[in-house]
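Sequences listed follow chains A and B, in order.
Here the first sequence is numbered in my numbering, starting from 2 and rising by one per residue.
Here the second sequence is numbered in my numbering, starting from 2 and rising by one per residue.
Glycine included, C-beta positions come from ideal geometry on N, C-alpha and C.
Number of protein chains: 2
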Amino acid sequence: MKVRRSDRLIDMTRYLLERPHTLVPLTFFSKRYESAKSSISEDLAIVRRTFAARQTGILETVPGAAGGVRYLPIIGREEAERFIDLMAARLSETDRLLPGGYVYLSDLLGTPDVLRQIGRLIATQYLDQQIDAVMTVATKGIPIAQSVSQYLNVPFVIVRRDSKITEGSTVSVNYVSASSARIEKMELSKRSLAAGSGVLIVDDFMKGGGTVNGMRSLISEFDAHLVGISVFAEGNFDGDRMVSDYTSLVRVDTVDTKANTLHAVAGNYLTKNQAALAGLAQ
Amino acid sequence: MKVRRSDRLIDMTRYLLERPHTLVPLTFFSKRYESAKSSISEDLAIVRRTFAARQTGILETVPGAAGGVRYLPIIGREEAERFIDLMAARLSETDRLLPGGYVYLSDLLGTPDVLRQIGRLIATQYLDQQIDAVMTVATKGIPIAQSVSQYLNVPFVIVRRDSKITEGSTVSVNYVSASSARIEKMELSKRSLAAGSGVLIVDDFMKGGGTVNGMRSLISEFDAHLVGISVFAEGNFDGDRMVSDYTSLVRVDTVDTKANTLHAVAGNYLTKNQAALAGLAQ
């Protein structure tokens, strides 16, 4: 039965939103709605216009016989700024300060809304790069990895500090924790990452960068390559950071454990992605 | 500027899909699109019809001055069956069998598509119940908790077996691991769960139910209450299981470590939810 345009637009929107970065042939929609290809093309032009106007994402057209459309989720600059400002304000809340100058983040990293926006932000940054897997370390990086992986539509892999029988054979590396100067070990299931993969590292919080650096070694061990490093928050670090090329959404710039106050500001995300976000703005 | 119906339908669909279980007042849409409430009502009727026809979800209308619409994601029975069959087939793959009879699941639990469907399935089951938080234990339960939490639009909390300074004060319980008969400890950040909360427990794999039982004790310690228990996969267990009222999507029914084979079938999810899924089918 032929499907009306209004119904097609609704179902098409849902279908595309659930499959970011996936090429959907026009013939698929044409069959699904028993409608002519020309009608489907018109539908897609409307979806493209609305997605652009609302800064939901880019609907890319791939021409030719093997072509179709592909939905690339993005976040607009204004929405990105608003979210980052909100997060900086939330991270400045006094009751987040924990003994030792640590910051409590588990509430934010367990909230679907917050995770959705973090995922959109980080995915937007790597829009034009070939990413085959998102990597993080257990435990608190996982929600971020999962959200980014959803928007990029690629798998995520979890590096662990503790050995687990449910992972099968693993590859492990030793790394130096920059904060404590101790040597630690992390490992990743051998079958979880293919050689040649482009890997995006994400984590919740970076201080000295030791953990991120450990993941970088793991990537080499797997004959894969690093595409980028993105963290939700970075802290101040006295001394040489082991990682220099990364983006952070938020930066905790002052922690005063005596006065029991902390203060967070925007990280380097907006500055580093100025050109990219501006390019999306039309 | 007044927005055309086609554009409204697309943006409305996206807006609702991103906010499951959230009441959106008609006046919100009417303002956003500078359109009369009567037009918005007509739009929503079309969205409701398409969502129902494609078994995307239920668009519930809440009447009155404080009313609006609410999108409740569901999965249809056929799609649920297809997904469960696929997972049973995937879990029967010989190379998942690990020493000790464990089953490798990390690839599936790191794939956005798979997680999306697991989340939809479990969320559908608890459609009519008041859930305030989803609870799981680190590490492999986290992706499931996150996906369910997204579809129910409530926070998720992560119970840990290892103490972490970044969690602040915690409440801990001891529990007996049914498989190993050892006494272990698990803990949850004190501020992460409010008294009186309705809690849904989810996990990746259940054998004797010791871990799930530990989480149940934790819920009591927080003066919260258990609403349900859902696991992705259950294994066979010789002896008394500590948990009887749960649902599983898949059941690993034979593990032969000598012949190096394993076999998985559908869990009790479909049987337990027969009435609910049938009710959604019209």
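Check	Outcome
Could you tell me whether the region 58 to 65 of chain B touches the region 73 to 88 of chain B, where touching means 3 or more Cβ pairs closer than 8 Å?	yes
Going along the region 151 to 183 of chain A in order, which residues come within less than 8 Å of chain B, judged by CB to CB distance?	Q151, N154, V155, P156, F157, V158, I159, R161, D163, K165, I166, T167, E168 and G169
Please list the residues of the region 48 to 75 of chain B that have a C-beta atom closer than 8 Å to any C-beta atom in chain A, keeping them in chain order.	V48, R50, T51, F52, A54, R55 and T57
For a test of the three-state rule: what should DSSP assign to P26 of chain B, helix, strand or coil?	coil
Would you call N204 of chain B buried or exposed, if buried means 16 or more other Cβ atoms sit within 10 Å of its Cβ?	Checking the displayed sequence, the identity of residue 204 of chain B turns out to be Asp instead of Asn. Its Cβ being crowded by 16 or more others within 10 Å, D204 of chain B is buried.
Sorted by chain position, which residues of the same chain lie with C-beta nearer than 6 Å to V25 of chain B's C-beta, five sequence neighbours on each side aside?	G69 and V70
Rounded to a whole number of angstroms, what is the C-alpha to C-alpha distance between K141 of chain B and L98 of chain A?	28 Å
Can you confirm whether Y10 of chain A, when its beta carbon is compared against all beta carbons of chain B, has any partner nearer than 9 Å?	Residue 10 of chain A is actually Leu in this sequence, not Tyr. It does: the Cβ of L10 of chain A has a partner Cβ on chain B nearer than 9 Å.
In terms of residues, what are the limits of the beta strand (DSSP E) holding T248 of chain B?	T248 to D257
How many Å lie between A66 of chain B and I11 of chain A at the Cα?	27 Å
Can you give me the Cβ contacts of L17 of chain B inside the same chain, cut-off strictly under 8 Å, excluding the 5 residues immediately before and after it?	V25, V48, L60, V70 and Y72
Distance check for E80 of chain B and Q126 of chain B, CA to CA, integer angstroms please.	14 Å
Distance cutoff 9 Å, beta carbons only. Does P26 of chain A sit that close to anything in chain B?	no
Look at A267 of chain B and L278 of chain B and say whether their C-beta atoms are less than 9 Å apart.	no
For N237 of chain B, count the other beta carbons within 10 Å of its own beta carbon; 16 or more makes it buried, fewer makes it exposed. Which is it?	exposed
Within 9 Å (strictly less), CB to CB, does A139 of chain B reach chain A?	yes
Just verifying my parser: in three-state terms, what is the DSSP assignment at K273 of chain B?	helix
Which bits of chain A does D108 of chain B rub up against, with CB to CB less than 8 Å?	P156, R192 and S193
Tell me, which residues are paired with G236 of chain B by DSSP?	B:V253
Could you check whether the Cβ of Q283 of chain B sits closer than 9 Å to any Cβ belonging to chain A?	Summary for Q283 of chain B: the model assigns pLDDT 45, below 50, so the residue's position carries little reliability; its value from the coordinates is reported in the next sentence. Answer no: the Cβ-Cβ gap between Q283 of chain B and chain A never drops below 9 Å.
Quick one: which chain A residues come within Cβ less than 7 Å of T1 of chain B?	Not covered by the structure: residue 1 of chain B. The range shown for chain B is 2 to 283.
When the distance is taken between beta carbons, is G209 of chain B closer than 9 Å to S170 of chain B?	no
Straight-line CA distance for G229 of chain A to V200 of chain A?	7 Å
Below 7 Å CB to CB, which residues in the same chain sit around Q283 of chain A once its five sequence neighbours on both sides are set aside?	Because Q283 of chain A sits at a pLDDT of 45, beneath the cut-off of 50, its placement in the model cannot be relied upon, and the point is left open.
Note down the Cα distance separating P64 of chain A from Q275 of chain B, rounded to an integer number of angstroms.	45 Å
Using 8 Å as the Cβ pair cut-off and three pairs as the minimum, do the region 98 to 107 of chain A and the region 159 to 178 of chain B touch?	yes
Within 9 Å (strictly less), CB to CB, does L116 of chain B reach chain A?	yes
Identify whether E94 of chain A lies in helix, strand or coil by the three-state DSSP scheme.	coil
For chain B, find out if any of its Cβ atoms is closer than 9 Å to the Cβ of V104 of chain A; answer yes or no.	yes
Exposed or buried, G211 of chain B, counting other C-beta atoms within 10 Å across all chains shown (16 or more means buried)?	buried
Quick check on P100 of chain A: does DSSP put it in helix, strand or coil?	helix
Q147 of chain A touches chain B at which residues, Cβ-Cβ below 9 Å?	G111, P113, L116, I143, P144, Q147 and S148
I want to see whether chain A comes within less than 9 Å of F30 of chain B, judged by CB atoms only; does it?	no
Any C-beta of chain B sitting closer than 9 Å to the C-beta of T258 of chain A?	no
Give every residue of the same chain whose Cβ lies closer than 7 Å to the Cβ of I85 of chain B, excluding the five residues on either side of it in the sequence, and list them in chain order.	L250, V251, A267, Y270 and L271
What would DSSP say about D204 of chain B, mapped onto helix, strand or coil?	strand
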